[in-house]
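In what follows, a structure is listed as structure tokens, so that the remarks can point back to it.
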Amino acid sequence: MKIVFIIPNMTGGGTERVISLLVNEYRKRGMEAAVMMFAGDECAYRLADGTELFCVSEQSHGRPLVQIRRLARMRRYLKKNRDCLIYSFSVMGTVFGALAALGLGIRMFVSERNDPRQGLQGPLRDWAYGRAAAIAVQTGECMRYFPEKLRKKMMVIPNPVDPSVPEPFQGKRRRSVVFVGRLHRQKNPELLLRAFADFQKEYPDYVLEMFGKGELEDTLKRTAAELGIEEKVLWHGFCPDVRKRIADAGMYVLSSDFEGISNSMLEAMAMGIPVIATDCPIGGCAEYIQNGKNGLLVPVGDQKAMTAAMQRLAEDPGFARSVSENGSKIREQFPIEVIADQMLRAAKGIENQEKKDVRGHHIDTDL
594 MKIVFIIPNM TGGGTERVIS LLVNEYRKRG MEAAVMMFAG DECAYRLADG TELFCVSEQS
654 HGRPLVQIRR LARMRRYLKK NRDCLIYSFS VMGTVFGALA ALGLGIRMFV SERNDPRQGL
714 QGPLRDWAYG RAAAIAVQTG ECMRYFPEKL RKKMMVIPNP VDPSVPEPFQ GKRRRSVVFV
774 GRLHRQKNPE LLLRAFADFQ KEYPDYVLEM FGKGELEDTL KRTAAELGIE EKVLWHGFCP
834 DVRKRIADAG MYVLSSDFEG ISNSMLEAMA MGIPVIATDC PIGGCAEYIQ NGKNGLLVPV
894 GDQKAMTAAM QRLAEDPGFA RSVSENGSKI REQFPIEVIA DQMLRAAKGI ENQEKKDVRG
954 HHIDTDL
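Numbering of the sequence shown is given in the working numbering, commencing with residue 594 and proceeding in unit increments.
Spelled out as structure tokens, the structure:
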């Protein structure tokens, strides 16, 4: 059995991290695994020995000739590997995978990783998803968005927690607020900058550490200067060892406008870092965070609420420790072995998995 993961590339990101965990878990079981990249050849994660990693195309930027060559290369590979299973973790990967596999009898498993309402490929995506044998979504709210014919193929499968995540830090935490993610509009890092500017007026000994890169970096640096906090903000870029570097941070903040399930948020919780997250569509943060117990949820785009949440953690060390201890329990709840099994069984059609959320509650998929 060979599993072929289709992904634009393996640059640093949550989806790519999950793929690396799955690849390494399947390789540990003696299964063949391949990662087919169709928009670049960068790989930021270590994959197990024997993993087939290759690129079939550069980014197309909408150029038809590049897309045609991409499809031809994908199809040639799939013809030579007709007994494989396709795992697609992106909308366009599913579209190209479905086209390349037409008539070859190859089963495809799709994992929806984001808020489907934000995509621009609705009809094309629904056609491609319709070619899949099974579709995993991350929350019941996400599932209810799709047409009924697709919901029949869907099940909720949460993200795994990386078993290599460091154990919770024991000791006095640094006075730091950390952000880990792409510097992209979806993540709304500007909201965090503005909330932190208000927060540090009362807590000037805190710093804001930004881990990640993206097209907004220059704009965000100008915003930090305009807010007078440029000396309080540290820009680290993408760091492979980010977990080690944030282990003793005072708090982690997710400021996204929409999100599937943030891997960096889950890892921060597992490491015992007190977490603040926006309660964004499609409900991924709320699936894991019990507000006030193992983390804090704030409304999307609410700068004052985000500032207040940071102040609450800073001013009440006992509350912050409680949030830390409760959050760290998540590391035992979603092991990679279980998630990999759920995906494999769904992809192979072994069973019709009951539609439940991460807490085991039945999901009503009726609109």
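The beta carbon of each residue, even a glycine, is placed where N, CA and C say it ideally should be.
How is E645 classed by DSSP in three states: helix, strand or coil? Residue mapping note: residue 645 aligns to position 52 of the sequence shown, counting from 1. In the structure shown, E645 sits in a strand (DSSP, three-state: E or B).
Between the stretch 730-750 and the stretch 823-843, do three or more beta carbon pairs fall short of 8 Å? Under the Cβ criterion (8 Å, minimum of three pairs), the stretch 730-750 does not count as touching the stretch 823-843.
Segment limits, alpha helix (DSSP H) that includes R737: Start at 1 with the first residue of the sequence shown, and residue 737 comes out as number 144. Going by DSSP, R737 is part of the alpha helix (DSSP H) stretching over G733 to Y738.
Quick check on M603: does DSSP put it in helix, strand or coil? On the sequence shown, residue 603 is found 10 positions in, with the first residue counted as 1. In the structure shown, M603 sits in a strand (DSSP, three-state: E or B).
So, for Q652: in the same chain, excluding its five sequence neighbours on each side, which residues have a beta-carbon less than 7 Å away from its beta-carbon? By 1-based counting over the sequence shown, the position of residue 652 is 59. Within the same chain, Q652 has close Cβ partners A632 and G633.
Below 8 Å on the Cβ atoms is my guess for F804 versus V773; work out the distance and round it to an integer in Å. Reading the sequence shown from its first residue, position 211 is the one you call residue 804. Reading the sequence shown from its first residue, position 180 is the one you call residue 773. The C-beta distance from F804 to V773 rounds to 5 Å, short enough to fall under 8 Å.
Determine which residues share a DSSP beta bridge with W828 and list them. Numbered from 1 along the sequence shown, position 235 holds the residue referred to as residue 828. Its beta-bridge partners are M803.
Run of the beta strand (DSSP E) containing L678, from where it starts to where it stops: As a position in the sequence shown, residue 678 is number 85, starting the count at 1. Counting along the chain, the beta strand (DSSP E) containing L678 begins and ends at L678 to S681.
G942 burial status per 10 Å Cβ neighbour count (16 or more: buried): The residue you call residue 942 lines up with position 349 of the sequence shown. The residue in question, G942, is exposed, as its Cβ has fewer than 16 Cβ neighbours within 10 Å.
Output yes or no for whether 7 Å exceeds the beta carbon distance between A788 and I822. Position 195 of the sequence shown, counting from 1, holds the residue named residue 788. Position 229 of the sequence shown, counting from 1, holds the residue named residue 822. Going by C-beta atoms, A788 is not nearer than 7 Å to I822.
Closer than 6 Å by C-beta to P867: which residues in its own chain qualify, once you throw out the five before and the five after it? Chain order, please. What you label residue 867 is simply residue 274 of the sequence shown in a count that begins at 1. So the qualifying residues of the chain are M844, L906, A913, V916 and S917.
By the DSSP assignment, the alpha helix (DSSP H) with I839 in it spans what residues? Residue numbering aside, residue 839 sits at position 246 when the sequence shown is read from its first letter. From DSSP, the alpha helix (DSSP H) with I839 extends over V835 to I839.
DSSP three-state assignment for A940, whether helix, strand or coil: Taking the sequence shown and counting its residues from 1, the one referred to as residue 940 is at position 347. DSSP places A940 in helix when its eight states are reduced to three.
Look at the alpha carbon of A725 and the alpha carbon of L664, and state the distance between them as a whole number of angstroms. Residue 725 sits at position 132 when you count from the first residue of the sequence shown. Residue 664 sits at position 71 when you count from the first residue of the sequence shown. Distance between the alpha carbons of A725 and L664 is about 18 Å.
Over the uninterrupted alpha helix (DSSP H) stretch that includes R663, give me the two end residues. Here residue 663 refers to the residue found at position 70 of the sequence shown. Where R663 is concerned, the enclosing alpha helix (DSSP H) stretches over P657 to K673.
Within the same chain, show all residues whose beta-carbon is closer than 6 Å to that of S769, passing over the 5 residues directly before and after it, in chain order. By one-based count along the sequence shown, residue 769 stands at place 176. The answer, listed in chain order, is V800, E802, A842 and G843.
From A898, E760, F762 and S681, residue whose alpha carbon lies closest to that of A727: The sequence position of residue 727 within the sequence shown is 134, counting from 1. Cα-wise, what sits closest to A727 is S681.
For R622, name the three-state secondary structure that DSSP assigns. Working through the sequence shown from its first residue, we reach residue 622 at position 29. Three-state DSSP puts R622 in coil, outside helix and strand.
Tell me the DSSP secondary structure of K949 in three-state form. Locating residue 949 in the sequence shown gives position 356, where the first residue counts as 1. At K949 the pLDDT is 49, less than 50, meaning the model places this residue with poor confidence; the figure from the coordinates comes in the next sentence. DSSP places K949 in strand when its eight states are reduced to three.
Compute the beta-carbon to beta-carbon distance between C878 and E852, rounded to the nearest angstrom, for a pair I have assumed lies under 8 Å. Position 285 of the sequence shown, counted from the start, is the residue given in the question as residue 878. Position 259 of the sequence shown, counted from the start, is the residue given in the question as residue 852. Right, their Cβ atoms sit about 7 Å apart.
Indicate whether the contact test is met: 3 or more Cβ pairs, each with one atom in the stretch 609-621 and one in the stretch 684-697, closer than 8 Å. no
If you run the structure through DSSP and keep just helix, strand and coil, what is S650? What you label residue 650 is simply residue 57 of the sequence shown in a count that begins at 1. S650 falls in the coil class under three-state DSSP.
Using beta-carbon positions only, say whether V649 and A627 come within less than 7 Å of one another. Sequence index remark: in the sequence shown, residue 649 carries index 56 (1-based). Sequence index remark: in the sequence shown, residue 627 carries index 34 (1-based). At a Cβ-Cβ threshold of 7 Å, V649 and A627 do not count as neighbours.
Going by beta-carbon coordinates alone, are I854 and Q731 separated by less than 7 Å? Position 261 of the sequence shown, counting from 1, holds the residue named residue 854. Position 138 of the sequence shown, counting from 1, holds the residue named residue 731. In this structure, Q731 lies closer than 7 Å to I854 by Cβ.
Use the C-beta contact count for D909: other C-beta atoms within 10 angstroms, 16 or more gives buried, fewer gives exposed. Here residue 909 is taken as the residue at index 316 of the sequence shown, counted from 1. Counting Cβ neighbours within 10 Å, D909 comes out exposed, since fewer than 16 surround it.
Alpha carbon to alpha carbon, what distance is there between E819 and P928? The residue you call residue 928 lines up with position 335 of the sequence shown. The residue you call residue 819 lines up with position 226 of the sequence shown. Approximately 44 Å between the Cα atoms of the pair.
Quick check on the DSSP output: the beta strand (DSSP E) that includes S769 runs from which residue to which? As a first step, residue 769 is located in the sequence shown; it is residue number 176 there, counting from the start. S769 to V773 is the span of the beta strand (DSSP E), which, as asked, contains S769.
Verify whether the separation of the beta carbon atoms of R836 and P759 is less than 7 Å. Looking up residue 836 in the sequence shown gives position 243. Looking up residue 759 in the sequence shown gives position 166. Yes, they are a contact pair.
Excluding the 5 residues preceding and the 5 following R610 in the sequence, name in chain order all residues of the same chain whose CB lies nearer than 6 Å to its CB. Here residue 610 refers to the residue found at position 17 of the sequence shown. So the qualifying residues of the chain are N856.
Tell me which residue opens and which closes the beta strand (DSSP E) that A694 is part of. Translated into the one-based positions of the sequence shown, residue 694 becomes position 101. Note, A694: premise wrong, no beta strand (DSSP E); not H, not E.
Which whole-angstrom value is the C-beta distance of D850 and N781, which I expect to be below 8 Å? The residue given as residue 850 occupies position 257 in the sequence shown. The residue given as residue 781 occupies position 188 in the sequence shown. Rounded, the Cβ-Cβ distance is 5 Å, consistent with contact.
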